[in-house]
Each structure stands twice: as structure tokens, then as C-alpha cells.
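Student:
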Amino acid sequence: MTSPCGRVTIRHDQTAVGQGPHLVVSARSEEDASERWRTSVSGAVPVEFVSTLLGTLAAELVADPDHVVYGIGAEPGQFELLVDIDAWNHFETSGLSGFISRDGQAAVIGRPPNSSAPPIHGDASIARHVAASPDDLGHLWDISFTQQAPDFLMHAVVAKTLDPRPSCAPRRSRSPRPSCPW
């Protein structure tokens, strides 16, 4: 699916066979230009996280498409992440920083551009990574953001991940469908 302006694309990555569902959101300065930024969603990501990602993207595309693609325009100011210190531990090691859940089964990881840490998933362009790997299930899901991905998009997903409140969804959702600019 491509936005009306032809600069933002949401697609299933056909090459990721065997890794579960794999959704890729990418932005370009124009339809045929090379990718400016990318967000990859793979595995059994909770639907609330995917909904937050796509809902935030859709709302911002309507409000300011250049902000989505180029990161220019109105910024809401400093982003604030509220972290429950009883549920998450902060870490900084080997060129990476972020939070890991107290049970060690989920992590929010940042890798600065000049980090000495090995690239996340072998891709040096990935700057932020959110993942869950429960001991009894192995790797369950992850969401990755490249360096140029908009901070507001990353913040929406990371804030949802770090929120200690359980996500409660009814068996059948009667919530209104989000409006999508395409």
C-alpha cells in the first residue's frame, strides 16, 4: 500500500519467509528515490503495537507529510518516556543502551550511529529496536527503526512497550476504524 503522495509505503516483506509476518514501512523523498527510513515489524507483534505504529503514522501523514518523510516541521518538543523502574532496568553496555524487562524477556535497545556494537540484525542502519523473547517461546517479535525514522513514530511504539499497564482488548473490537490517508 502506498500513500497518495507516493512517498510512504507499507508492504509485506516476501523475502522474510520463515520469520513469521513481516511488515515494512518505508519513506522516500519521492516515489522512485531510494529509501530514506524504514521500520520493520516481524513476528507475533501485539496488535496494539502495530495499531499504535500505523495510527501514529497515518495521523501525522495527514497533518504534515514532510515531517513524516524528512523529519522537518512541527516537533512536539522533548519526548518523555515514563519507565516503571519496578518492571524495567536501564542498561548501557558495549555501545548499546536502553531498557530490559526485569524478567529479561523484553528489551528496548538503542544503537547510536557510531556505536562499536555489532549491527542489530546485521543492519548498521538500525538505530532502535524493540523485541520480546520469552524463555519458553524463544524469539517472539521485534520492531526495528532505522536512523532516519521519525522520533515521534519510535516514541509512540517505545512508550507503548514500556507502559506497565496491561493492554486489555475485548474479544471483538467495536472501536471505530482509524482513518487512513490512503
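Residue numbers (the numbering used here): 42 to 223.
We put the CB at the ideal spot given by N, CA and C, even for glycine.
I'd like the span of the beta strand (DSSP E) that includes aspartate 183, first residue to last.
Tutor: From DSSP, the beta strand (DSSP E) with aspartate 183 extends over 182 to 187.
Student: What are the partner residues of glycine 151, as DSSP defines its beta bridges?
Tutor: According to DSSP, glycine 151 bridges with Ser138, Arg169.
Student: Does the Cβ of valine 154 have 16 or more other Cβ atoms within 10 Å, making it buried, or fewer, making it exposed?
Tutor: For the record, residue 154 in the displayed sequence is proline; it is not valine. Proline 154 is exposed by the Cβ-count criterion.
Student: Can you tell me whether histidine 108 is helix, strand or coil according to DSSP?
Tutor: Helix, per DSSP.
Student: So what does alanine 68 bridge to, in DSSP terms?
Tutor: Bridge partners of alanine 68: Val49, Trp78.
Student: Would you call the CB atoms of threonine 187 and serine 166 closer than 7 Å?
Tutor: In this structure, serine 166 lies closer than 7 Å to threonine 187 by Cβ.
Student: Since isoleucine 184 and threonine 93 should fall inside the 8 Å C-beta cutoff, what is the C-beta to C-beta distance between them, to a whole number of angstroms?
Tutor: Incorrect: roughly 10 Å between the Cβ atoms, too far for contact.
Student: On the criterion of 16 or more Cβ atoms from any shown chain inside 10 Å, does isoleucine 113 qualify as buried, or is it exposed?
Tutor: The residue is exposed, with fewer than 16 neighbouring Cβ atoms inside 10 Å.
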